[in-house]
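A.B. asks: Each residue of the sequence shown is one higher than the one before, counting from 1480 in the numbering used here.
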Amino acid sequence: MRNIIITGGELFNKGAQAMVFITVDELKKRYPDHKIYLLSELDLRRPKEERDIYTFDFTGWYPVKYARAQSNYFLRQMCKLRNTREYNEAYELYSNCDLMVDISGFALGSNWSYETCTLYLDHLEFAKEFDIPVYIMPQSFGPFNFKGENAKELDERIRRLMPTAKIVCAREQEGLDLLANHYHLNNVIQKVDLVLNNKSIDLCHIYKNESERNQFSILEKSIGIIPNSMIETVCEKSKIFKLYETIIQFLINEGYFVYIVGHAESDLELCNDIKNIFDNDRVVLIDKDLSCLEFNDLVSKFKFVIASRFHSIVHAYKNCVPCIALGWAQKYQSLLSLFHQEKYAFDFSKGFSTEIIIKRLQLLENDLVNEVITISESLKEIQLDNVFDVLPEKL
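1. Is DSSP giving Q1862 helix, strand or coil here?
2. Are the CB atoms of S1828 and W1807 within a distance shorter than 8 Å?
3. Is there contact between the segment 1650–1657 and the segment 1841–1851, where contact requires at least three CB pairs shorter than 8 Å?
4. Of all the alpha helix (DSSP H) runs that stay within the bounds of the segment 1638–1696, which reach a length of 4 or more residues?
5. Do the segment 1690–1702 and the segment 1672–1680 meet, that is, are 3 or more Cβ pairs less than 8 Å apart?
6. What residue range is occupied by the uninterrupted beta strand (DSSP E) comprising Q1820?
7. Tell me which residues share the same chain as F1818 and place their Cβ nearer than 8 Å to its Cβ, disregarding the 5 neighbours each side in the sequence.
8. State the start and end residues of the unbroken beta strand (DSSP E) segment that holds K1514.
9. Quick check: the Cα distance between N1629 and N1755, rounded to an integer number of angstroms?
10. Name the two residues that bound the continuous beta strand (DSSP E) containing G1494.
11. Run the CB neighbour count on R1788, radius 10 Å, all protein chains shown included, and call it buried at 16 or more, exposed below.
12. Going by DSSP, which residues form a beta bridge with L1587?
13. Is the separation between the beta-carbon of Y1614 and that of I1646 shorter than 8 Å?
14. One question on the structure: do T1534 and K1687 come within less than 8 Å of each other, judged by their Cβ atoms?
15. When DSSP builds the beta bridges, which residues end up paired with M1709?
16. Just reading off the beta strand (DSSP E) that D1577 is part of, what are its end residues?
17. Output the distance between the C-alpha atoms of L1655 and I1483, rounded to the nearest integer angstrom.
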């Protein structure tokens, strides 16, 4: 059986998990005779019984290319002997791979570490070595203002490797312009986020045996708060807590119940800290590890959400739930503009005014019905085509 490898995905973050599930579903529909692997070192650390519930398999990053590329015979043999079984399995997998699909979301740009960008480019280099066609699905790119001793190396690798992909799908116009103008790519097109574009998933393509989902009984007149620990990289933690305290107190005064929900494992500590500000039954922490499917069910029950995770906003809009977006990058503004909701987007990297955010909350409250209609109409247009139609009909 021939193979397909998905890169850039994992199952711990709900947005990344949703992208994996949708991609697996689309690939199984299009290429039913291929075996699908998710390249995720993180998920390989899960107990085997957790991984075995899925119809797809997991693989790690064994750089076969580097073992083969060593000009020094001794070093080449040392690389291979590090784990002969692992090396042989990896070589067999990669040599029989017909397609690599990248679903990173956002991993290439000067806001990311050298290691993050290098790993992204390593996947492209490794695919090139094995003649594996690469399709880069909708994601954010840039900026490309690399500095320091590795700047030239990264810039040159991007210039050399990004043209090797068959198609590069930029999620935002800004990313498309950067790739086209800065690196002169002619293989880049703009496509909407693949989770937003998706209408449904056949769960038989995901689970060997689907288990029962967590069900939540959400009180009437409830709001979801979905924080993002990444905000702490662009804003002082004390200011973040003060803002959430002000927002939640405002919502309580307006008669709402407030549910604080983690969208990624890395956000759970922040969620707990925000909940601990309030000794109030109207503020509820949902600390269960939800799947992206359970999160989607949950978010559909809120009147609106105040969210900082990109794909938590995507799930809200897929359910026609309005949103105040507390973001940290251009992708948030671009997402909200698709739904004519720009006035509810805030960029913490540029500073913020608590007073203005509260005023926008009041505006959303007063115009909730109309905003739901606007979001619903926009969603129909966004889902007219399928972003996976960029893939080849046959392999």
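Every residue, glycine too, gets a C-beta built ideally from N, C-alpha and C.
C.D. replies: From the atom records:
1. Position 383 of the sequence shown holds residue 1862. It is coil, neither helix nor strand.
2. Within the sequence shown, the letter at position 328 stands for residue 1807. Within the sequence shown, the letter at position 349 stands for residue 1828. In contact: W1807 and S1828 (Cβ atoms closer than 8 Å).
3. no
4. 1652–1661 and 1673–1676
5. no
6. As a working mapping, residue 1820 is identified with position 341 in the sequence shown. Per DSSP, Q1820 belongs to no beta strand (DSSP E) and is neither H nor E.
7. The residue you call residue 1818 lines up with position 339 of the sequence shown. Answer for F1818: Y1796, T1853, I1854, S1857 and L1858, listed in chain order.
8. By 1-based counting over the sequence shown, the position of residue 1514 is 35. From DSSP, the beta strand (DSSP E) with K1514 extends over K1514 to L1518.
9. Translated into the one-based positions of the sequence shown, residue 1629 becomes position 150. Translated into the one-based positions of the sequence shown, residue 1755 becomes position 276. In a straight line, the C-alpha of N1629 is about 42 Å away from that of N1755.
10. By 1-based counting over the sequence shown, the position of residue 1494 is 15. Unbroken run through G1494 is the alpha helix (DSSP H), K1493 to R1509; no beta strand (DSSP E).
11. The sequence position of residue 1788 within the sequence shown is 309, counting from 1. It is buried - the Cβ of R1788 has at least 16 other Cβ atoms within 10 Å.
12. Start at 1 with the first residue of the sequence shown, and residue 1587 comes out as number 108. Bridge partners of L1587: F1620.
13. Translated into the one-based positions of the sequence shown, residue 1614 becomes position 135. Translated into the one-based positions of the sequence shown, residue 1646 becomes position 167. Contact: yes.
14. Along the sequence shown, read from residue 1 onward, the residue named residue 1534 stands at position 55. Along the sequence shown, read from residue 1 onward, the residue named residue 1687 stands at position 208. Closer than 8 Å, so yes.
15. For the purposes of this step, residue 1709 is identified with residue 230 of the sequence shown, where counting begins at 1. Answer is none; M1709 lacks a bridge partner.
16. The sequence position of residue 1577 within the sequence shown is 98, counting from 1. First-last of the beta strand (DSSP E) with D1577: C1576 to D1581.
17. As a working note, residue 1655 is residue 176 in the sequence shown. As a working note, residue 1483 is residue 4 in the sequence shown. Distance between the alpha carbons of L1655 and I1483 is about 26 Å.
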